[in-house]
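For the sequence shown, the residue numbers in this note's numbering are 3 to 92. Every residue, glycine too, gets a C-beta built ideally from N, C-alpha and C. Please read the structure below before turning to the comments.
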Amino acid sequence: MPTYVYRCESCGHEFEQFQSIKARPIKVCPSCSKPALKRLVGVGAAVLFKGSGFYQTDYRSDTYKKAAEAEGSASKAKDKPATDAARKTA
């Protein structure tokens, strides 16, 4: 449920009200009791990332990257002599 901001045009009282989207706007000011409230256009809900950071858990760790590099270079070393031997015989 969103939080709406209201301002009274009569007395200038401004407040926030937690309401359902389907709820009708409040019309009577709780401060002066006059029907002069206007619901202000809000900026909406902000995105709030809590914790150590979403980027730290969404990407591979440095240890994984190093292990993958080592594995990749080991497989390249195995493939390389076979290609060199093929070039020498050709």
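Quick one: residues in its chain with C-beta nearer than 6 Å to the C-beta of residue i, no 5 flanking neighbours on either side, listed in chain order?
| i | result |
| --- | --- |
| serine 33 | Cys13, His15 |
| glutamate 18 | Thr5, Val7 |
Considering only C-alpha positions, which residue in the set the options is nearest to residue i?
| i | options | result |
| --- | --- | --- |
| proline 27 | Phe17, Tyr6, Gly74 | Tyr6 |
| serine 35 | Arg9, Ser63, Tyr66, Thr65 | Arg9 |
| glutamate 11 | Ser77, Tyr66, Phe17, Ala38 | Ala38 |
Any idea which residues DSSP pairs residue i with across the strands?
| i | result |
| --- | --- |
| tyrosine 8 | Phe17, Arg41 |
For residue i, collect the residues of the same chain with a Cβ closer than 7 Å to its Cβ; drop the 5 residues on either side in sequence, then sort them by chain order.
| i | result |
| --- | --- |
| phenylalanine 20 | Met3, Thr5 |
| cysteine 31 | Cys10, Ser12, Cys13, His15, Ala38, Leu39 |
CB-CB under 8 Å to residue i, same chain, minus the five flanking residues each way: which ones, in chain order?
| i | result |
| --- | --- |
| arginine 41 | Tyr6, Val7, Tyr8, Pro27, Ile28 |
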